[in-house]
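Some notes on the structure that comes next.
Number of protein chains: 2
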Amino acid sequence: MLAEMKRFLIGTPLSTDQLAHERLTNAKALAVFSSDALSSVAYATEEILFALLLAGTAALNVSMSIGAAIACLLAIVAMSYRQTIFAYPSGGGSYVVAKDNLGRYPGLIAGAALLTDYVLTVSVSIAAGAAAITSAFPQLTPYKVDMALGAILLITVANLRGVRESGSIFAVPTFVFVFSIFALLAVGLTRLLFTGLPPVSVTEAAEAQHPLTLFLLLRAFAAGCTALTGVEAISNGVQAFREPVSKNAAKTLTWMAGILMSMFLGITYLANHLDIHPVHGGETVLSQMARAIVGQGWFYYLIQAATALILFLAANTSYADFPRLASLIARDGFLPRQLTMRGDRLVFSNGIVLLGVLSGALIVHYRGNTHALLPLYAIGVFLSFTLSQSGMVLHWFRERRRDRQWLAHATVNGLGTLITGVVLVVIAWTKFAEGAWIILVLIPLIVLGFRAIHAHYLAVADDLRMPLTEAVDEVKHTIIVPVAGVNRAVAYAISYAKTLSDDVRAVHVGTDPAATEKLQLKWNQWNPGVKLTVVQSPYRSIVNPLIKYVDKIERRSRLDVVTIIIPEFVARRWWHHLLHNQSAWLLRAALHFRPHTVVVSVPYHLHH
Amino acid sequence: MLAEMKRFLIGTPLSTDQLAHERLTNAKALAVFSSDALSSVAYATEEILFALLLAGTAALNVSMSIGAAIACLLAIVAMSYRQTIFAYPSGGGSYVVAKDNLGRYPGLIAGAALLTDYVLTVSVSIAAGAAAITSAFPQLTPYKVDMALGAILLITVANLRGVRESGSIFAVPTFVFVFSIFALLAVGLTRLLFTGLPPVSVTEAAEAQHPLTLFLLLRAFAAGCTALTGVEAISNGVQAFREPVSKNAAKTLTWMAGILMSMFLGITYLANHLDIHPVHGGETVLSQMARAIVGQGWFYYLIQAATALILFLAANTSYADFPRLASLIARDGFLPRQLTMRGDRLVFSNGIVLLGVLSGALIVHYRGNTHALLPLYAIGVFLSFTLSQSGMVLHWFRERRRDRQWLAHATVNGLGTLITGVVLVVIAWTKFAEGAWIILVLIPLIVLGFRAIHAHYLAVADDLRMPLTEAVDEVKHTIIVPVAGVNRAVAYAISYAKTLSDDVRAVHVGTDPAATEKLQLKWNQWNPGVKLTVVQSPYRSIVNPLIKYVDKIERRSRLDVVTIIIPEFVARRWWHHLLHNQSAWLLRAALHFRPHTVVVSVPYHLHH
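Below is the structure:
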């Protein structure tokens, strides 16, 4: 029944040779790889405004300068990643680039940062998607966490079924989102220019609780850096492009960066001029803006729907990235090997389930509050940016004899390293108390975990390695059959034991002298050709006297292995097991850790 | 470490020959066996008053007539049980008497009634004991449930250690309780006669919500019948008395009935004349009375302490009765056999733990409210009274040739049957909606459970029975060793398998053609003298292709048994197991229900 339900949810198994890759046109690739990056405009501006709000609503107009700084940062990072695309046409994720160029530990740090990041991408995007829905339908606000968990469950099951990287399906919401945002911006800017727009303050103007210090400005900048999450996606998936892969991927990356930058700057500019205030746990900035510009009609609902959809798609990309990266790290022996195995539908099922559980737990813990999750988010992104870019600098340096332009390339990536490194420090510093510390503690712990797992696998491999010239030894052993009475189950076990060896001993642990005597008589009468030894147990324990007996036999006969054959009933209904003595189970548990001991249950299947 | 903690809590094991019985003097026996019966005066009067309160505080004075009726009932039941004591000097519990005289099902019904009853005795007595404490210290009221659970835990552990039926310890609280109640009654009656006592109404006089109908009177009577719980205890434990056992037991029963009747009537009379109103969840009637008569001094606290202690002792008697009865029923094959086994300290540990868990669950469910638990209580008591008495009537009829006084005896027991039967109907009718229905549903369900268990045991015994003349057959079998690679664990399993049989086959389930080819080469180079078969698994499952292979081998070679030897790692830390593939475990689970299949794990103990 469980198997049938699994079939229904996940689908029939796929054979290994069905594993194949679809090549995508640039437009489809843009849709597939950019949902994470583009969707971040749904919350990045809002985060800048939240940070500035501390200095009062009057300070919100600084957001435009901060937005411009972030746009410059985006341009540098995009340029930097274009180079990675050309250097790693087979796909240059930060883990691979850092491991190849900087060594094992930088690679593992990048890997740990990326894994936490993918989990956060799912949680943040789903939470923001749910916020887009509750902004349009405030009456759904109490069900925000439930909706978010439902979405995670749906995406998890869909990915377990194996969502092929099918651009056609993903293209629709991405393009609808991009076009509707551009349309909104165009209408907004036109109205601003010609007719003017009234300011939309959902909340009252707030007094400054804090002066507008450099720290606060940096904090707002750090908050806005979440706009850059997902920029590296194209460089991971170069192989999905058509030939010439690198050229197409680089072109798409440039397009994506351009679209992202325009949307982000446009939204920030309009939010500024409309005097929009962010509201904790309330309507999103983007929703307020859309309502002010186009009114609460069909177009408003289209924008909210497209926003929610692209955010859910952004979560979906992590469902491809997390299991793939986890399987790479597991293949290198730093994560449990089970993560490398493909499930029935050829996807890394264990990684998918793990991602669903972790991101769902975060949603529950933070009650689906995007604003609370975001400080944890950006730090992992910029850590992997910095490691990957610095790896590229070393890469160009190594290539210096083969590539005449190596210095130019190294300079671009060096600039990228420097800038992203500085931003990383800024984020860690300004967002430390808000939650960045969790990630700063977590990443080293994950790396320590990687190390412990690797050490174990190496030790086990060492333990198991053997020269192929080694002969197979004869093993000296005896068989012991504990018996409680004379019955069919025991007879079956005894005849089985006699087939395996000529040296079979039956042993009975007696707790009641009268019953023991009766058993001895019955045994002699039956005479199965095996001697019965009786061990008395004054304290009524079955396990301890038996183990003592086994110890004695082993010592006396200098055996290599002792085999204990336990006659066991297999009942037909689960509750029947409760009606039988669990001695067999106890015995097996007690002997599990005894060296040179093999425990065999010979199951006698009851007919009733 | 777990074993050490068990030693500390439970004590060192006792040997079976230390099982012995202490013989008690009549005074000690009175203390041991009567705590359940005598302690019921702590709540019986209160229950009558609660029932009458519906008809307004003015109706409370009817309680004296009801008390008198219950005293008559007690006299009849005690006379009836005196006869049981003489007829069953070896101990005549209702289960034994009903089973012997009425047959299997009446016996099982009495057994089910008694088992539920013992659980309720614990819950009711502990809850009432906690109420005695919170009456004296109202600030402890919020911790009532915690105190009750703590008391259950303590009594459970004490019984697992094996509380010997040591009268000396039990005698103290029982006698303190009896003497202090008599002293209280004496002071109260004296003051009433000579100086008069002011009425103590903790609450205001209440209006009648309901007329004083016959139904309400019967309900008050039914509520008061809880005073009779525990009267049968002496007839169960005749063997604990000194010779002549029956005579001593009967004398003690008469004493007990006399003391119980005087205390109950005295308390009811005084409650009446002091105009005491019962308070839901508040101070008990007995506590109000004591405070009114002797003031809140040391004597008041002594009475409360003695009440709490005798109630806890009453719970303790169920800890002897429940496991003993459960073991009798289990020995007859109607309950799981594990209930017949004596633990380390010679007590029926499983029954003790079961009783603790069940009564604790009741306390939690009813939040330690005595008044809510009591309607469930009396019905089981009177059901077992009726069955036991009617069994005695048949007993005397069968003895009619040997006993010249059989008719007199049968008449006494017949009167007992009639009266207790009528009371049973009254309780079932008047308390039905308040909770008696639960017991009326539960008892048949328990009896059905008994029947199912018995049927299973009979079927299994039938299944396992074999003639002792049956020879031990030779078994035709083969050994299959699934291998994932060439390593020490596999080498160990192969050499073990070769020791057991000349017919050993190694099989590899391949999911990756390149790895499979490499393994085949390594195997040939190693050459352990066992042929390796490769089974391809396009769907990457290990278990299914292996089972198909086993099916094929079994069919082709017409085998009796297939033995599958699985090389398995035993890691040294629990979390290491998470790092290894659980195929061995899955395989064992999948093969567990396959007939004629023995699965052997050959453990290779890792050094790391």
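Protein sequences appear in the order of chains A and B.
Using the numbering used here, read the first sequence as starting at 1 and increasing by one per residue.
Using the numbering used here, read the second sequence as starting at 1001 and increasing by one per residue.
Backbone N, C-alpha and C define an ideal beta-carbon position, used for all residues, glycine too.
Query, Result
"Sub-9 Å separation of residue 121 of chain A and residue 317 of chain A beta-carbons", "yes"
"Burial state of residue 1005 of chain B, where buried means 16 or more other Cβ atoms lie within 10 Å", "exposed"
"Three-state class that DSSP yields for residue 1568 of chain B in the structure shown", "strand"
"Contact set between residue 159 of chain A and chain B, taken where Cβ atoms lie within less than 7 Å", "Ordered by position in chain B, no residue passes the 7 Å Cβ test against residue 159 of chain A, which lies about 17 Å from the chain."
"Helix, strand or coil at residue 1003 of chain B according to DSSP, with G and I counted as helix", "helix"
"Rounded separation between residue 1559 of chain B and residue 1553 of chain B - CA only", "8 Å"
"Contact with chain B by residue 584 of chain A, beta-carbon distance below 9 Å", "no"
"Residues near residue 410 of chain A by beta carbon distance below 7 Å, same chain, minus five either side", "393, 396 and 397"
"Integer-rounded CB distance, given that residue 1040 of chain B should sit under 8 Å from residue 1230 of chain B", "6 Å"
"Alpha helix (DSSP H) runs wholly inside the stretch 213–241 of chain A, at least 4 long, in chain order", "214–224 and 233–236"
"Residues that residue 1487 of chain B contacts on chain C, provided the C-beta gap is smaller than 8 Å", "Although the question refers to chain C, the structure presented lacks it and instead comprises the protein chains A and B."
"Sub-9 Å separation of residue 13 of chain A and residue 1583 of chain B beta-carbons", "no"
"Chain A contacts made by the stretch 1492–1508 of chain B, where a contact means CB separation under 8 Å", "1494, 1495, 1496, 1498, 1499, 1500 and 1501"
"Contact list for residue 1593 of chain B against chain A, beta-carbon separation under 7 Å", "570"
"Delimiting residues of the alpha helix (DSSP H) encompassing residue 1389 of chain B", "1370–1398"
"Residues that residue 1604 of chain B bridges to, as DSSP identifies them", "B/1569"
"Top-ranked residue by Cα proximity to residue 661 of chain A, from A/148, A/62, A/184 and A/367", "No answer is possible for residue 661 of chain A: the residues shown for chain A start at 1 and end at 608."
"Neighbourhood of residue 1503 of chain B by C-beta distance below 7 Å, restricted to the same chain and skipping five residues each side", "1478 and 1479"
"Which of helix, strand or coil DSSP assigns to residue 1525 of chain B", "helix"
"Which listed residue (A/592, A/405 and A/11) has its alpha carbon closest to that of residue 160 of chain A", "A/11"
"Beta-bridge pairing of residue 1510 of chain B - partner residues as DSSP gives them", "B/1536"
"Through-space distance from residue 1253 of chain B to residue 1030 of chain B, alpha-carbon basis", "8 Å"
"Proximal residues to residue 1185 of chain B (C-beta, below 6 Å), its chain only, five neighbours per side dropped", "1266"
"Buried or exposed by the 16-neighbour rule on C-beta atoms within 10 Å, applied to residue 464 of chain A", "buried"
"Contacts around residue 427 of chain A, its chain only, beta-carbon distance under 8 Å, and the 5 residues preceding and following it disregarded", "222, 225, 378, 379, 382 and 436"
"Where the stretch 1515–1539 of chain B meets chain A: residues whose CB sits under 7 Å from a CB there", "1522, 1525, 1526, 1528, 1529, 1538 and 1539"
"Reduced DSSP category for residue 172 of chain A - H, G, I as helix; E, B as strand; rest coil", "helix"
"Nonlocal neighbours in the same chain, by C-beta distance under 7 Å from residue 607 of chain A, ignoring five residues either side", "none"
"Three or more C-beta pairs below 8 Å linking the stretch 1345–1365 of chain B and the stretch 1061–1075 of chain B", "no"
"Cβ-Cβ distance between residue 1089 of chain B and residue 1245 of chain B below 9 Å", "yes"
"Buried/exposed call for residue 518 of chain A, threshold 16 Cβ in 10 Å", "exposed"
"Beta-carbon spacing of residue 948 of chain B, residue 1081 of chain B below 9 Å", "Lying before the first or after the last residue shown, residue 948 of chain B is absent from chain B, which here runs from 1001 to 1608."
"CB contact flag (residue 148 of chain A, residue 129 of chain A, <9 Å)", "yes"
"Residue 1083 of chain B burial status per 10 Å Cβ neighbour count (16 or more: buried)", "buried"
"Proximity to residue 1227 of chain B [Cα-Cα], best of B/1070, B/1191, B/1376 and B/1238", "B/1070"
"Range covered by the beta strand (DSSP E) that runs through residue 1478 of chain B", "1477–1482"
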